[in-house]
Amino acid sequence: MADDDRRFVEAFLAGDEDAFRQVFRRHSPRLYALALRLTGGRAADAEDVVQECWVRAARRLAGFEWRSQLSTWLTAILINCAREQRRRSPPPTDADVATAWAPAHPRAQAIDLDRAIAALPDGYREVLVLHDVEGYTHAEIATQLGVSAGTSKSQLFHARRAVRARLSSVSAPTEVGHDAG
Amino acid sequence: MPDEPLTPRERDTFAALPREVSVPPDLEDRVVKALQYARPSPAPRTGSRWWRLAAAVVLISVGFAAGRADFAGSPADQPGRRYLLLLYGSTTSAPDEEEARVAEYGAWARTTLGRRLVAAEKLTNTRLVLGPDAPVPDPGREPNGFFLVRAADRAEAERLAATCPHLRHGGTVVVRDIDEVP
Chain A
0 MADDDRRFVE AFLAGDEDAF RQVFRRHSPR LYALALRLTG GRAADAEDVV QECWVRAARR
60 LAGFEWRSQL STWLTAILIN CAREQRRRSP PPTDADVATA WAPAHPRAQA IDLDRAIAAL
120 PDGYREVLVL HDVEGYTHAE IATQLGVSAG TSKSQLFHAR RAVRARLSSV SAPTEVGHDA
180 G
Chain B
0 MPDEPLTPRE RDTFAALPRE VSVPPDLEDR VVKALQYARP SPAPRTGSRW WRLAAAVVLI
60 SVGFAAGRAD FAGSPADQPG RRYLLLLYGS TTSAPDEEEA RVAEYGAWAR TTLGRRLVAA
120 EKLTNTRLVL GPDAPVPDPG REPNGFFLVR AADRAEAERL AATCPHLRHG GTVVVRDIDE
180 VP
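Residue numbers (numbering that gives the first Met the number 0), protein chains in the order written: chain A, 0 to 180; chain B, 0 to 181.
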């Protein structure tokens, strides 16, 4: 995928609109899912975040040196866009989450989990989404968010606790629970 | 800090979360439209208008970079009312300053106006005045650009106008209500 990304980006930089559309289609479903989570499920905000992410990325693509995956680079841009968007928007509601995620979730537990994630404070939510959903390491998260790895671990600890507390207060034992492990 | 590992059940639940979601069908075109308003590069590499994408410095018209074509439809289709933010004074002809101004206004349009933006344009000095009682043109008293926004009410439109970077450059912003004819 990385080779194809580079080929499409180079074509885009040479003026090929279709190449840009290819890059957009390859990465936007993941970026949009991430934007939905980082904005707490506010679909309109997530759309704005993805759009702004691409506008900024296009502006900087010529300087991208391919030392990291394009997806990682785009994620960093998107995180910043989401932070700016959150400062302008009211806190998300459960209804935002349900509306945004209902068509995409395969089972009820997952949407409950996304509700719990949306209810987290912004700092907790960023780390938990990047670590437990996106699969980034603490070192990578530290780089992405401009914090220390220790802060990332601490935020994750508190985020998981908060998610468990929220789920245990609203759901049956089949949800994410407190069993040992 | 004690570790707080996920249980196997929790890992399964996290694994079930969708990592990808279909983007709204019009988002791709909106992004492309936004990029089409990118500022031309001084040295385009091809004859295609898409070299402008690669240059990708946002133009004042970026107002439109928000690219929300859906807001350009019938007023009755959209919530809120439309307001015209007319920009007067504080023009610049220095290329560097113009470029910086354009980027600044574009960033404001995208980040502050966002989905509220309907349209925006920079106006040239070319004008034709018609009519028997037409006033003598006075470039100093005519708008040199506008942002058309959709806001919940006039108070919101005024709050948006108050954040317009044109004010920081000594310009004037006038907020006019659009008379939404049913």
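Where a beta carbon is used, it is the ideal one built from N, C-alpha and C, also for glycine.
key: Any C-beta of chain B under 8 Å from that of Q50 of chain A   = At least one C-beta of chain B is nearer than 8 Å to the C-beta of Q50 of chain A.
DSSP bridge partner residues for T171 of chain B (one or two, in chain order)
B:Y87, per the DSSP bridge assignment.
Using a C-beta cutoff of 8 Å, does S201 of chain A count as contacting chain B?
With chain A covering 0 to 180 only, the question about residue 201 of chain A has no answer from this structure.
| Is the beta carbon of D111 of chain A within less than 7 Å of some heavy atom of the ligand NAD? | Among the components modelled here there is no ligand, and therefore nothing to report on the ligand NAD.
- Task: May I have the straight-line CA-CA distance separating A55 of chain B from P4 of chain B, to the nearest angstrom?
- Result: Any reading at A55 of chain B is ruled out, since the residue's pLDDT is 34, under 50, leaving its predicted position unreliable.
_I'd like the list of long-range same chain contacts for T142 of chain A, defined as Cβ closer than 6 Å, with 5 residues on each side in sequence excluded._
Taken in chain order, the list of residues that qualify is empty.
Q. For T171 of chain B, which residues of its own chain have a beta-carbon under 7 Å away from its beta-carbon, when the five flanking residues on both sides are left out?
A. For T171 of chain B, where only same-chain residues beyond five positions count, the Cβ hits under 7 Å are Y87 and G88.
| message | Beta carbons nearer than 8 Å to chain A: which residues of the region 4 to 28 of chain B have them? | response | For the region 4 to 28 of chain B, the set of residues with a beta-carbon nearer than 8 Å to any beta-carbon of chain A comprises P4, L5, T6, P7, R8, E9, T12, F13, A15, L16, P17, R18, E19, V20, S21, V22, P23, L26 and E27, in chain order.
Q.
How far does the beta strand (DSSP E) with N79 of chain A in it extend, from its first residue to its last?
A. First-last for N79 of chain A: L69 to R87, but that is the alpha helix (DSSP H), not the beta strand (DSSP E).
Next item on the list: Compare the Cα-Cα distances from R158 of chain B to each of B:A14, B:H168, B:A15 and B:V173 and report the closest residue.
Entry: Ranking B:A14, B:H168, B:A15 and B:V173 by Cα distance to R158 of chain B puts B:V173 first.
>> The beta strand (DSSP E) that contains G144 of chain B, what's its start and end?
In response: In this chain, the beta strand (DSSP E) harbouring G144 of chain B covers P142 to A150.
Along the region 109 to 121 of chain B, where does the CB come closer than 9 Å to a CB of chain A? Name the residues. For the region 109 to 121 of chain B, the set of residues with a beta-carbon nearer than 9 Å to any beta-carbon of chain A comprises R109, T110, T111, G113 and R114, in chain order.
Notebook entry, point to check: Between the Cα of A160 of chain B and the Cα atoms of B:R18, B:P7 and B:R115, which residue gives the shortest distance?
Noted result: For A160 of chain B, the closest alpha carbon among the candidates B:R18, B:P7 and B:R115 is that of B:R115.
(Q) Taking 8 Å as the cut-off, does the region 76 to 83 of chain A touch the region 92 to 105 of chain B (at least 3 CB pairs, one atom from each stretch)? (A) With the cut-off at 8 Å, the region 92 to 105 of chain B and the region 76 to 83 of chain A do not touch.
Taking 8 Å as the threshold (beta carbon to beta carbon), is P28 of chain A in contact with chain B?
At least one beta carbon of chain B lies nearer than 8 Å to the beta carbon of P28 of chain A.
Which of helix, strand or coil DSSP assigns to E27 of chain B: DSSP places E27 of chain B in helix when its eight states are reduced to three.
Cβ of A33 of chain B less than 8 Å from any chain A Cβ? It does; some Cβ of chain A falls within 8 Å.
TODO: Answer yes or no: does any C-beta atom of chain D fall closer than 8 Å to that of V30 of chain B?
DONE: The structure shown contains no chain D; its protein chains are A and B.
Can you pull the chain B residues whose beta carbon is under 7 Å from the beta carbon of E46 of chain A, in chain order? Here the neighbours are P23 and L26.
- Thinking C-beta only, is A117 of chain A closer than 8 Å to P91 of chain A? Yes.
- Query: Would you say V54 of chain A faces chain B, with C-beta separation under 8 Å as the test?
  - Reply: Yes - at least one Cβ of chain B is within 8 Å of the one on V54 of chain A.
Check: Counting contacts by CB-CB distance shorter than 8 Å, is Y135 of chain A in contact with chain B?
Finding: With a threshold of 8 Å between beta carbons, Y135 of chain A makes no contact with chain B.
TODO: Could you run through the region 4 to 19 of chain A and flag, in chain order, every residue whose CB is less than 7 Å away from some CB of chain B?
DONE: The region 4 to 19 of chain A vs chain B, Cβ under 7 Å: F11, L12, A13, G14, D15, E16 and F19.
Please tell me whether V126 of chain A has its Cβ less than 8 Å away from any Cβ of chain B. By this cut-off, V126 of chain A is not an interface position.
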